[in-house]
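Protein chains in written order, with my numbering: chain A, 6 to 345; chain Z, 6 to 345. Even for Gly, the Cβ is constructed at its ideal location relative to N, Cα and C.
2 protein chains.
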Amino acid sequence: MIIDIHGHYTTAPKELEAYRQKQIADLKEPSHARSKGTLSISDDQIRESIEKAQLKLQRERGTDVTIFSPRAAGMGHHIGDATTSLHWSQECNDLIHRVCTLFPKSFVGVCQLPQTPGVPPANCIPELERCVKEYGFIGCNLNPDPSGGYWKDPPLTDKWWYPFYEKLVELDVPAMVHVSMSCNPNFHTTGGHYINGDTTAFMQLITADLFKDFPSLKLIIPHGGGAVPYHWGRYRGIAQDLKKPLLKDHLLNNVFFDTCVYHQPGIDLLFKVIPVDNILFASEMVGAVRGIDPETGSYYDDTKRYVEALKLSPEDRNKVFEGNARRVYSRLKNKIPASR
Amino acid sequence: MIIDIHGHYTTAPKELEAYRQKQIADLKEPSHARSKGTLSISDDQIRESIEKAQLKLQRERGTDVTIFSPRAAGMGHHIGDATTSLHWSQECNDLIHRVCTLFPKSFVGVCQLPQTPGVPPANCIPELERCVKEYGFIGCNLNPDPSGGYWKDPPLTDKWWYPFYEKLVELDVPAMVHVSMSCNPNFHTTGGHYINGDTTAFMQLITADLFKDFPSLKLIIPHGGGAVPYHWGRYRGIAQDLKKPLLKDHLLNNVFFDTCVYHQPGIDLLFKVIPVDNILFASEMVGAVRGIDPETGSYYDDTKRYVEALKLSPEDRNKVFEGNARRVYSRLKNKIPASR
């Protein structure tokens with residue numbers, strides 16, 4: 006079985022975006038902005054949006070299950086306030102739940118959180134619990150920068166985030182550390198802000214001792230860990246200068262990387278420096294890069310090809326494609342029985 | 006000859022830091038803050054600070070010349086105002102000039118710029134000209150984020166920067182795109198902000214057509230290009246989605262990467278994906294990482310070892326260690342005659 010742990014619902018019916026645009030327009034009228042409004046999308050619309058895009062590509066590429074969440078760039082936590090973010094997150098998560106209910110063998114849900122700059126992350130606990138307990142979601146996307154490129158909230162290692170981590174541990178669900186759209190003109194969303202978010206998060210974790218306080222907390226750094234594997238020597242060296250333990254002991258019992266790296270040399274490096282137990286297969290499809298690489302004739306984001314080109318033992322291959330995902334997303338077994 | 010294009014004067018006599026601290030303290034008293042103050046450091050102090058640190062390591066590692074600039078983290082463009090930044094830059098650049106005068110065969114100067122958030126970069130032209138014309142400096146460090154981690158000024162592709170680029174082209178000196186210290190608690194300076202700055206700058210360049218306007222402008226992205234080579238497929242794919250030319254045509258006539266990547270797999274990747282003509286040898290020594298890698302027994306930042314472990318032809322080796330530096334820093338020939 007091949008599990009892709011990083012897919013966003015980027016092909017949702019256009020009514021979702023219309024809902025969001027109305028919500029944003031309503032922010033100019035405070036009385037309207039308190040109303041959740043309505044979103045009407047039929048099951049047939051959902052089926053079509055999935056079967057002609059995500060599911061079609063899964064079948065073509067030979068992957069079985071996608072751990073599926075709302076569009077990351079669309080989370081837009083910097084827009085409006087906590088009520089805006091709650092309404093929007095609920096609608097997005099409800100839609101993911103409907104996808105997972107319509108295609109229970111192919112999709113398992115991960116939720117968007119109703120984060121807001123300056124509002125304690127504990128505020129997101131009710132929506133997390135709703136999605137995990139009522140919908141059977143198995144994780145969440147945690148935005149380390151709800152301000153959208155201005156980085157105004159405290160680092161991930163600050164006590165600011167602790168009540169939320171306590172809930173993650175209690176529910177035994179991991180968080181993928183994933184920023185949303187950039188509203189800072191300096192940062193291209195998928196090419197700048199996403200990769201910087203990954204790099205920043207990992208470096209924050211180096212400087213602190215978060216996993217002494219939360220030994221069973223699990224965080225996934227997407228996009229192959231940002232710049233981290235390429236600069237693994239720098240990060241090992243900085244940790245050493247800071248008198249921290251070796252990174253494998255300091256972080257790698259709790260931190261995992263996905264394989265959203267869109268060329269063979271990048272994947273080769275990832276597997277050379279990061280232990281195979283810490284790598285989870287993912288493609289971020291349909292997402293950041295949609296074209297075909299003229300150098301290979303295949304889609305840039307068809308990361309399965311790169312992983313299959315590695316010389317992995319059958320055991321390691323199974324870890325990357327299935328076993329590690331089941332270990333990190335421990336609730337996955339309730340949704341998709343193991344293939345063996 | 007081996008030219009290291011990226012060295013900062015991180016071991017300057019302590020009087021320099023005392024000067025800076027007084028300057029910062031004086032900001033509380035506006036009348037004092039307008040005074041440049043005095044900095045008294047003897048030639049013997051400079052000799053000692055260089056011979057026992059930078060030059061000692063150069064000799065031990067077998068490098069000949071360092072293109073040398075003030076401490077990057079120390080630039081601190083977010084502190085005070087344009088006058089603060091001008092006084093501080095002048096003092097730092099004067100000190101680099103003295104190093105280069107005392108050790109003319111081993112050091113060639115690159116200047117710090119008196120940037121200030123919200124102040125047009127054109128304001129830096131007089132100090133650039135002073136350093137190039139009076140001191141014979143061969144380049145500058147250009148901070149893409151003078152705010153120190155809040156990214157408040159326009160992207161490098163904005164017309165905001167154009168008058169400064171015109172002067173760079175006129176003088177035929179390149180700029181290394183290098184941030185300074187982070188004052189944002191989210192970003193560790195050398196592990197987060199530096200790498201993000203590199204990644205961000207390159208992605209800004211992808212989205213625009215800066216080199217159509219400045220076909221002879223030369224920019225160096227340090228620290229091995231941040232995350233860029235590791236995610237080369239992503240960047241090629243994003244450029245393709247944006248209908249930009251192939252990156253080699255779009256950017257690689259004007260953009261260069263250094264070799265400040267502190268482990269062999271990272272250097273291997275850099276040379277696999279980036280053309281050898283675009284790679285300049287550098288170590289960033291004495292700098293971001295000061296320890297010895299227990300996996301190799303050598304200093305993390307002894308990047309010459311990693312480059313020498315590559316299977317480069319003698320011609321390519323010479324490009325990386327000397328030829329490319331001479332091409333990018335065209336004024337270097339006035340200071341250091343070619344070895345052949």
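Chain A contact for Phe73/Z (CB, 8 Å cutoff): no
N- and C-terminal bounds of the alpha helix (DSSP H) containing Met208/A: 199-212
Status (buried if at least 16 other CB within 10 Å, exposed otherwise) for Thr43/Z: exposed
For Ile226/Z, the residue or residues it bridges with in DSSP: Phe262/Z
Cα-Cα separation, Glu20/A to Ser45/A: 7 Å
Stretch pair the region 135-153 of chain A + the region 336-345 of chain A: three plus CB contacts closer than 8 Å: yes
Inter-residue Cα distance where the pair is Leu133/Z and Gly67/A: 57 Å
Inter-stretch contact at 8 Å, needing at least 3 Cβ pairs: the region 12-27 of chain A / the region 96-103 of chain A: yes
Buried or exposed by the 16-neighbour rule on C-beta atoms within 10 Å, applied to Pro3/Z: What is shown of chain Z runs 6 to 345, which leaves residue 3/Z out entirely.
Residues within the region 152-172 of chain A neighbouring chain Z, beta-carbon criterion of under 9 Å: Gly154, Tyr155, Trp156, Lys157, Asp158, Pro159, Pro160, Leu161, Asp163
Nearest-angstrom beta carbon gap, Gly196/A and Tyr240/Z [assumed within contact, 8 Å]: 6 Å
Assigned secondary structure, Ser36/Z (DSSP; H/G/I helix, E/B strand, else coil): helix
Collapsed DSSP secondary structure at Cys145/A in the structure displayed: strand
Chain Z contact for Lys338/A (CB, 8 Å cutoff): no
Contacts that Met3/A makes with chain Z (C-beta to C-beta distance below 7 Å): Nothing can be reported for residue 3/A: it is not among the residues displayed for chain A, which extend from 6 to 345.
Close beta carbons around Ser187/A, own chain, < 8 Å, minus the five adjacent residues each side: Gly153, Gly154, His193, Thr194, Gly197, His198
Where the alpha helix (DSSP H) through Phe326/A begins and ends: Per DSSP, Phe326/A belongs to no alpha helix (DSSP H) and is neither H nor E.
Sub-8 Å separation of Ala343/A and Arg331/A beta-carbons: yes
Reduced DSSP secondary structure (H/G/I, E/B, other) of Tyr14/A: strand
Proximity below 8 Å, CB of Val70/A to CB of Ile341/A: yes
Closer than 7 Å: Arg322/A CB and nearest the ligand MG heavy atom: In terms of ligand content, the structure shown is empty, and the ligand MG therefore cannot be addressed.
Distance between beta carbons of Phe169/Z and Ile225/Z, contact taken as under 8 Å: At roughly 16 Å, the Cβ-Cβ gap does not stay under 8 Å, so Ile225/Z and Phe169/Z are not in contact.
Contacting residues, own chain, Cβ-Cβ under 6 Å from Ser288/Z (five flanking each side not counted): Asp9, Asp306, Thr308
Burial state of Gly81/A (16 or more Cβ within 10 Å): buried
Ser94/Z beta carbon less than 8 Å from that of Asn148/Z: no
Residues near His83/A in its chain [Cβ-Cβ closer than 7 Å; skip 5 each side]: Pro122, Pro151, Ser152, Gly153, Cys188
Every unbroken beta strand (DSSP E) inside the region 56-86 of chain A [3 residues or more]: 70-75
Three-state secondary structure assigned by DSSP to Arg317/A: The identity of residue 317/A in the sequence shown is Leu, whereas the question assumes Arg. Coil, per DSSP.
Interface flag, Thr212/Z vs chain A, CB-CB below 8 Å: yes
Rounded distance between the beta-carbons of Pro250/A and Val278/A, thought under 8 Å: Not confirmed; about 17 Å, so no contact.
Cutoff 8 Å: Pro234/Z Cβ touching any chain A Cβ: yes
Validate contact between the region 292-305 of chain A and the region 30-41 of chain A using beta carbons, cut 8 Å, 3 pairs: no
Any chain A beta carbon closer than 8 Å to Lys277/Z: yes
Cβ pair Phe2/Z, Phe286/Z closer than 8 Å: Residue coverage of chain Z in this structure runs from 6 to 345, which leaves residue 2/Z outside it and unanswerable.
Cβ-based neighbour list, Tyr311/Z, same chain, cut-off 6 Å, excluding 5 preceding and 5 following: Gln269, Ile272
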